[in-house]
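One structure is given below, encoded as structure tokens.
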Amino acid sequence: NDLFQAPDYYLVDELLSEEHKLVRDTTREWVKREVTPIIEEYAQRAEFPAHLRKGLAEIGAYGPFIPQEYGGAGLDYISYGLMMQEIERGDSGIRSTCSVQSSLVMFPIYKYGTEEQKRKYLPKLASGEYLGAFGLTEPNYGSNPGGMVTNFRDMGDHYLLNGSKMWISNAPICDIAVVWAKNEEGRIHGLIVERGMEGFTTPETKNKWSLRASATGELVFDNVRVPKENLLPGRSGLGAPLSCLDSARYGIAWGAIGVAMDCYDTALRYAKQRIQFDKPIAAFQLQQKKLAEMITEITKAQLLAWRLGVLRNEDRATSAQISMAKRNNVEMALKIAREARQILGGMGITGDYPIMRHMMNLESVITYEGTHDIHLLITGADITGIQAFK
Ligand code: TGC
Ligand code: FAD
3 NDLFQAPDYY
13 LVDELLSEEH
23 KLVRDTTREW
33 VKREVTPIIE
43 EYAQRAEFPA
53 HLRKGLAEIG
63 AYGPFIPQEY
73 GGAGLDYISY
83 GLMMQEIERG
93 DSGIRSTCSV
103 QSSLVMFPIY
113 KYGTEEQKRK
123 YLPKLASGEY
133 LGAFGLTEPN
143 YGSNPGGMVT
153 NFRDMGDHYL
163 LNGSKMWISN
173 APICDIAVVW
183 AKNEEGRIHG
193 LIVERGMEGF
203 TTPETKNKWS
213 LRASATGELV
223 FDNVRVPKEN
233 LLPGRSGLGA
243 PLSCLDSARY
253 GIAWGAIGVA
263 MDCYDTALRY
273 AKQRIQFDKP
283 IAAFQLQQKK
293 LAEMITEITK
303 AQLLAWRLGV
313 LRNEDRATSA
323 QISMAKRNNV
333 EMALKIAREA
343 RQILGGMGIT
353 GDYPIMRHMM
363 NLESVITYEG
373 THDIHLLITG
383 ADITGIQAFK
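Under full-length UniProt numbering, the first residue of the sequence shown carries the number 3, and numbering increases by one thereafter.
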């Protein structure tokens with residue numbers, strides 16, 4: 003078996019079902035064949051590998067937890083997590099595309115959409131015919147999305163949408179966007195905006211040193227006429243977009259483990275082969291400390307993610323529990339990337355190894371979907387009952 007041998011120090015595999023392992027191995031095999039050989043080149047060119055769209059759909063990475071009657075894979079949340087782990091082992095940017103499509107576009111349409119909206123959009127999103135984007139963040143409202151100024155007005159037979167969203171994954175290449183905007187009363191609602199609607203543009207954000215293989219951009223709405231049937235009627239208020247973030251943040255908690263495993267595995271192999279002072283550098287205590295701490299942290303993160311997955315499957319995972327896992331696991335992966343980079347010495351800064359790309363990607367992952375600080379404050383509010391955001 004020449005598949006990547008994932009570290010599994012506490013035999014976490016024994017906690018997985020046959021279906022989980024099948025999903026994971028299929029995804030792992032696909033990532034190894036389709037992503038690993040090309041990703042460095044695309045990242046260097048700052049280009050999203052658009053040809054992967056179809057393959058991602060084929061392995062079920064768009065809406066794994068959406069029921070099959072709407073084109074999803076009908077899998078549980080642990081399978082979703084394992085898929086994100088394997089895809090992010092390839093690249094955080096490719097995982098981002100899947101997170102947005104599954105948790106931020108398909109999830110709200112499935113949860114809060116009408117039957118017609120579900121039938122119209124979900125199968126096309128699942129098959130990759132449509133790529134979606136999620137517009138919550140604005141230039142002046144990032145951590146505080148409740149302050150958003152993007153708005154829509156009821157014009158009788160349609161809505162008129164104005165405003166702009168910033169830092170939106172998939173924006174330049176999206177076919178539809180789930181956009182959060184305020185009505186006349188200041189209440190937040192989700193609207194499905196389609197490419198081609200007059201006044202809707204998606205300029206690309208250039209000059210990123212992070213998530214270079216993911217397309218990021220703005221969503222700009224200049225008097226866009228949105229048909230009334232494109233409003234998601236099932237839920238309004240800030241809780242609606244935040245519930246989508248719960249699903250995406252959950253997936254990121256798993257995805258970060260994939261990155262950490264890749265960095266650890268790369269560093270361990272290198273340390274065993276690289277000779278200095280007549281010994282492999284793995285023989286030196288300082289390098290062993292780094293590697294031993296890495297596997298300890300990966301193991302803790304795996305257990306956190308697995309338990310969270312069980313709770314999520316039972317619909318018992320709280321938002322605060324999800325925040326804790328997203329925060330812990332992303333920081334864990336970023337620290338491991340930095341240490342792994344050092345183990346490789348000068349070689350660590352090149353694109354011949356994946357570590358530097360992973361490290362730079364994680365600088366976005368630790369900021370988006372709620373910054374590291376915001377997740378800490380969510381835990382703080384949960385345990386004290388006192389919100390320290392405002
Ligand atoms: P607050 O007053 O606490 O809450 C407002 C309402 O929302 C409810 N709520 C939630 N509901 C569901 N899920 C959650 N996680 C929820 N958290 C809160 C809450 O009960 C309340 O409901 P109600 O009925 O009482 O109105 O809101 P706040 O304005 O004080 O903000 C709280 C805070 C700071 C935690 C929240 O705004 C936050 O999470 N900020 C971070 C913003 C963020 O994460 N943005 C992410 C943008 S999307 C993105 O980054 C995609 S990257 C994609 C990729 O490429 O992978
Ligand atoms: P700010 O909110 O301005 O925060 C700046 C700093 O201040 C941070 O360190 C923060 O922790 C700190 N801070 C803020 N408030 C507090 C407080 N109350 N207490 C203490 N410290 C605080 N958004 C979308 O809607 N859709 C997407 O698809 C999407 N994709 C993204 C892709 C990329 C590559 C990136 C980088 C971002 C993406 N985002 C997306 C936006 C992302 O969610 C925001 O960047 C994030 O929520 C932080 O907002 P901000 O950048 O405006 O930072």
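A virtual CB, placed ideally from N, CA and C, is assigned to each residue, including glycine. Since the structure is predicted, the reported quantities are computational estimates derived from the model, not experimental observations.
Output the boundary residues of the beta strand (DSSP E) element that contains residue i.
i, result
"residue 169", "160-171"
"residue 39", "Per DSSP, residue 39 belongs to no beta strand (DSSP E); it is in the alpha helix (DSSP H), 38-47."
Beta-carbon separation of residue i and residue j under 8 Å?
i, j, result
"residue 349", "residue 303", "no"
"residue 102", "residue 136", "yes"
"residue 213", "residue 173", "no"
"residue 96", "residue 54", "yes"
"residue 64", "residue 104", "yes"
"residue 93", "residue 45", "yes"
"residue 165", "residue 202", "no"
"residue 134", "residue 180", "yes"
"residue 178", "residue 132", "yes"
"residue 255", "residue 363", "no"
"residue 199", "residue 227", "yes"
"residue 169", "residue 207", "yes"
"residue 371", "residue 251", "yes"
"residue 234", "residue 192", "yes"
"residue 129", "residue 75", "no"
"residue 310", "residue 294", "no"
"residue 152", "residue 85", "no"
"residue 296", "residue 336", "no"
"residue 23", "residue 15", "yes"
"residue 57", "residue 88", "no"
Taking only the alpha-carbon atoms, compute the straight-line gap between residue i and residue j and give it to the nearest angstrom.
i, j, result
"residue 91", "residue 12", "20 Å"
"residue 253", "residue 171", "16 Å"
"residue 8", "residue 188", "48 Å"
"residue 26", "residue 216", "23 Å"
"residue 323", "residue 83", "15 Å"
"residue 258", "residue 359", "13 Å"
"residue 289", "residue 273", "8 Å"
"residue 276", "residue 266", "15 Å"
"residue 3", "residue 31", "Below a pLDDT of 50, predicted positions are generally treated as unreliable, and residue 3, at 45, falls in that range; no measurement from the model is reported."
"residue 184", "residue 71", "32 Å"
"residue 314", "residue 280", "51 Å"
"residue 375", "residue 42", "30 Å"
"residue 232", "residue 195", "7 Å"
"residue 205", "residue 219", "6 Å"
"residue 242", "residue 377", "18 Å"
"residue 211", "residue 98", "16 Å"
"residue 21", "residue 249", "21 Å"
"residue 1", "residue 353", "Since the displayed the chain opens at 3 and closes at 392, residue 1 lies outside it and no answer follows."
"residue 298", "residue 339", "14 Å"
"residue 384", "residue 392", "15 Å"
"residue 160", "residue 114", "19 Å"
"residue 282", "residue 81", "38 Å"
"residue 62", "residue 357", "27 Å"
"residue 261", "residue 239", "34 Å"
"residue 380", "residue 368", "15 Å"
"residue 209", "residue 47", "11 Å"
"residue 316", "residue 345", "41 Å"
Could you please give me the residues that DSSP links to residue i through a beta bridge?
i, result
"residue 184", "153, 190"
"residue 277", "282"
"residue 409", "With the chain covering only 3 through 392, there is no way to say anything about residue 409."
"residue 195", "179"
"residue 233", "193"
"residue 203", "222"
Could you check where the alpha helix (DSSP H) with residue i kicks off and where it finishes?
i, result
"residue 315", "287-315"
"residue 222", "No alpha helix (DSSP H) contains residue 222, which is instead part of the beta strand (DSSP E) from 218-229."
"residue 332", "321-345"
"residue 79", "79-92"
"residue 71", "First-last for residue 71: undefined, no H or E at that position."
"residue 142", "From DSSP, residue 142 is part of no alpha helix (DSSP H); its letter is neither H nor E."
"residue 57", "54-60"
"residue 211", "Premise fails: residue 211 is in no alpha helix (DSSP H) and is neither H nor E."
"residue 359", "357-367"
"residue 373", "Note, residue 373: premise wrong, no alpha helix (DSSP H); not H, not E."
"residue 35", "Premise fails: residue 35 is in no alpha helix (DSSP H) and is neither H nor E."
Against chain C, with Cβ distances strictly below 8 Å, would residue i count as a contact?
i, result
"residue 19", "Of the protein chains in the structure, only one exists, and it is not chain C."
Which residue spans inside the stretch 96-137 form an unbroken beta strand (DSSP E) run of at least 3? Runs found: 134-137.
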